[in-house]
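Numbering-wise, our numbering puts 22 at position 22 of the sequence shown, and it's gapless, one number per residue. Below you'll find the structure, written out as structure tokens, and then a few comments.
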Amino acid sequence: MEAIPSREELIRKIDALCAAEETREQVAQWAFSILSSDGRVTDQVVWSVLEGLGAADLPSTDRPYLYSIEDFKEWRTRLVAAN
Numbered sequence: 001m002e003a004i005p006s007r008e009e010l011i012r013k014i015d016a017l018c019a020a021e022e023t024r025e026q027v028a029q030w031a032f033s034i035l036s037s038d039g040r041v042t043d044q045v046v047w048s049v050l051e052g053l054g055a056a057d058l059p060s061t062d063r064p065y066l067y068s069i070e071d072f073k074e075w076r077t078r079l080v081a082a083n
């Protein structure tokens, strides 16, 4: 079972994704493993960002991916603002 990440861990993961230090596929797999575990995410901001990151590698019909770097940055801002 994956441990539920802190907001700081999520920020680091988003930073790594935006800097291309981790691929969309790696981040999506990591987030999905947390979402599908038995852990209980009680922080709704963390839950929402995890859901988005779990879909970071999904294609879109009108652009390469469903979510853009701008989306990731907005999620990061939400994590920081919610602290």
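Using N, Cα and C, we set each Cβ at its ideal position, and we do this for glycine too.
Cutoff 8 Å: residue i Cβ touching any chain D Cβ
i         : result
residue 6 : Judged by its chain identifiers, the structure shown contains no chain D, having just a single protein chain.
C-beta atoms of residue i and residue j nearer than 8 Å
i          : j          : result
residue 50 : residue 34 : yes
residue 71 : residue 24 : no
residue 80 : residue 11 : yes
Residue i versus residue j - alpha carbon distance
i          : j          : result
residue 32 : residue 26 : 10 Å
residue 30 : residue 42 : 18 Å
residue 8  : residue 74 : 15 Å
residue 20 : residue 69 : 10 Å
residue 76 : residue 6  : 12 Å
Close beta carbons around residue i, own chain, < 7 Å, minus the five adjacent residues each side
i          : result
residue 55 : 28, 66, 67
Buried or exposed (CB count within 10 angstroms, at least 16 for buried), residue i
i          : result
residue 40 : exposed
residue 46 : buried
residue 63 : exposed
Alpha helix (DSSP H) segment containing residue i, residue limits
i          : result
residue 84 : Because the chain spans 1 through 83 in this model, residue 84 falls outside it and cannot be assessed.
residue 9  : 7-18
residue 77 : 69-81
residue 51 : 44-54
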